[in-house]
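Working notes, beginning with the structure itself.
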Amino acid sequence: MTTTADTSTLHTDGVLRPHDEPGRRETLLPPPHIQNHAANLTVLPDGALACVWFSGTQEGVADISVWFSRLDPGADTWTTPQQLSDDNTRSEQNPVLYVHGGDEVWLMWTSQHAGNQDTARVQRRISLDGGRSFGPTHTLIPATDEAGVFIRQPPVKLRSGRLLLPIFYCVRVPGEKWVGNRDYSAVLLSDDGGATWSEVAVPESTGCVHMNIGRLSDGTLVALFRSRWADAIYRSVSTDDGQSWSAPQPTELPNNNSSIQFVVLPEDRLALVFNHSSAADATARRLSLYDEIDDDGIADGPAPDGAAPVVVDTGERTAFWGAPRAPMTLAFSDDGGLTWPWRRTIEDGDGYCLSNNSRDALNRELSYPSICCDGDRLHVAFTRFRQAIEYVALEPDWLRGATP
């Protein structure tokens, strides 16, 4: 797909079209509003592929809400998006879908006041008909007195029936706006189908967020993390069904303080989608993710130009915002995420993200990927310039082009 910064010249009708590269088809899902971000893919009980994301004026503004579209089995067109959340006082973000069993599907998302992630809570709606309709909204995980709570990845069900829901806390600092310097990860465990939950903190995980858990055939749980420091993707493991976790360690792959996701394929091969970039690739730096909005909405004045990427020594590490959010890369690991020798670029660009502004087509990020497997095909969805969600279907012919 062309890397033009304006999606108005591209097809946004949700119709799958062949790509120049053999074994690849793609489309842009119909955008409900000017900004679209944070896609999550799930295969529904009837075999349809579902995508949820958030859409509105701009991330952090109170008109941001959750939207849903599906690609039915055998179809080549995504359905018209349907709005699934409607709190017009809060920014509703990071939706995920989870098939709990049978036709029961959970929709979960975060809900925060303006750009204050330290006020976030996790909301949920439950479908009992395979995602055709959803029940009323309720709060699944409230914010605490010390932090907001966030999700980005869906729960994982183990063979024992135990549920693992990875979360991260956005720690509140009195007198300061949230920027993410003290965020850390934890896992919620349930052995009764989600009726009750206990919590396990991930040790030494400050700066590690968006925890993504996968289960290997021997029962080992592997987790990969986004890094607030924009240095590397981090990795942790559990060998006791999530009851305890190793301290996250950096992998050989870079991270730009943006989201990642992986899926476990047959024979324990991991397929990961991410931006192959880090703070080392940055030419400028933002103050925070929400430096263009205030508590009343979009702030007056131009978008920030960024500042030289120099960290002032305050005695603690600081979150790095503004590292390029591109290219969109697919990588494979055959050793549980220790090494990633096979890689291929899905989409390239400069990844400019010093502004979240979609109205004036200032943002050019290719970010926040989601991946799932359906037989020998991989499905990938990601943010395209915060204007639309791009969906790519990758067949074995294309996947064989991944090289060391």
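With UniProt numbering applied, the sequence shown closes on residue 404, and no number is skipped along the way.
Ideal Cβ placement from N, Cα and C applies to all residues, glycine included.
Buried/exposed call for residue i, threshold 16 Cβ in 10 Å
i      : result
Thr110 : buried
Leu338 : exposed
Asp231 : buried
Asn88  : exposed
Pro166 : buried
Ser333 : buried
Thr329 : buried
Val202 : buried
Ser198 : exposed
Asp335 : exposed
Ala280 : exposed
Arg159 : exposed
Pro248 : buried
Glu390 : buried
Ser133 : exposed
Ala326 : buried
Val392 : buried
Thr139 : exposed
Gln261 : buried
Gly351 : buried
Of the residues the options, the one placed nearest residue i, counting alpha carbons only
i      : options                        : result
Pro404 : Pro341, Ile167, Ala114         : Pro341
Met108 : Gly115, Val99, Ala114, Asn116  : Val99
Arg386 : Asn275, Leu158, Leu330, Gln35  : Gln35
Gln117 : Val105, Arg132, Pro142, Gly131 : Pro142
Phe168 : Leu188, Ser133, Ser160         : Leu188
Ser358 : Glu292, Glu347, Asp374         : Glu292
Phe225 : Pro32, Asn212, Leu216, Pro254  : Asn212
Arg70  : Leu16, Val61, Glu176           : Leu16
Glu365 : Thr220, Cys373, Ala323         : Ala323
Val264 : Leu289, Leu216, Gly242, Ala48  : Leu216
Asp86  : Gly351, Ile298, Asp63, Asn363  : Asp63
Gly214 : Pro18, Gly193, Asp241          : Asp241
Val237 : Leu362, Gly401, Glu252, Leu221 : Leu221
His37  : Val43, Pro18, Thr57, Arg172    : Thr57
Ile346 : Arg24, Asp72, His11            : Arg24
Ser244 : Ser277, Val200, Val209         : Val200
His210 : Pro18, Ser278, Ser259, Ala331  : Ser259
Nonlocal neighbours in the same chain, by C-beta distance under 6 angstroms from residue i, ignoring five residues either side
i           : result
Gly14       : Thr27, Leu29, Pro30, Thr77, Trp78
Thr137      : Gln123, Arg125
Pro32       : Ser55, Trp67, Pro81
Gly180      : Arg228, Ala319
residue 433 : Because residue 433 is not part of the residues shown, which for the chain are 1 to 404, the question remains open.
Ala381      : Ala39, Leu41, Cys51, Ser370, Ile389, Tyr391
Gly297      : Val61
Leu289      : Trp321
Residue i - DSSP class collapsed to helix/strand/coil
i           : result
Glu390      : strand
Val310      : With a pLDDT of 44 at Val310, under the threshold of 50, the modelled position of that residue is not reliable, and no figure is offered here.
Pro396      : helix
Asp281      : helix
Cys353      : coil
Phe382      : strand
Trp340      : coil
Ile163      : The sequence shown places Leu at residue 163, not Ile. If DSSP states are grouped into helix, strand and coil, Leu163 belongs with the strands.
residue 414 : Limits of the chain in this structure are 1 at one end and 404 at the other, which puts residue 414 out of reach.
Val61       : coil
Ile151      : coil
Tyr290      : coil
Tyr109      : The sequence given here has Trp at residue 109, not Tyr. If DSSP states are grouped into helix, strand and coil, Trp109 belongs with the strands.
Pro31       : coil
Val179      : coil
Asn363      : coil
Val52       : strand
Phe320      : coil
Trp67       : strand
Arg215      : strand
Gly297      : strand
Thr403      : strand
Leu41       : strand
Thr12       : coil
Leu158      : coil
Residues of its chain near residue i, where Cβ-Cβ distance is below 7 angstroms and the 5 sequence neighbours each way are ignored
i           : result
Pro22       : Asp397, Trp398
Ala120      : Thr110, Ser111, Gln112, Ala143, Gly148, Val149, Phe150, Cys170
Asp376      : Pro396
residue 408 : For residue 408 there is no data in the structure shown, the boundaries of the chain being 1 and 404.
Ser91       : Glu59, Gly60, Val61, Ala62, Ile64, Gln112, Ala114
Any non-hydrogen atom of the ligand NAP within 7 angstroms of residue i CB
i     : result
Asp76 : Ligands in the displayed structure: none, and consequently the ligand NAP is not present.
Close Cβ partners of residue i (< 8 angstroms) along its chain, the five nearest in sequence each way excluded
i      : result
Pro45  : Val99, Gly102, Asp103, Val105, Gly130, Gly131
Pro302 : Residue placement at Pro302 is flagged as unreliable, the pLDDT there being 47, under the threshold of 50; a coordinate-derived value is accordingly withheld.
At which residue ranges does the segment 221-273 contain complete beta strand (DSSP E) runs of 3 or more residues, listed in the order of the chain? 221-227, 232-238, 249-254, 261-264
Only counting runs of 3 or more residues, tell me where the beta strand (DSSP E) segments fall wholly within the segment 71-147, in order along the chain. 91-101, 104-113, 116-127, 138-141
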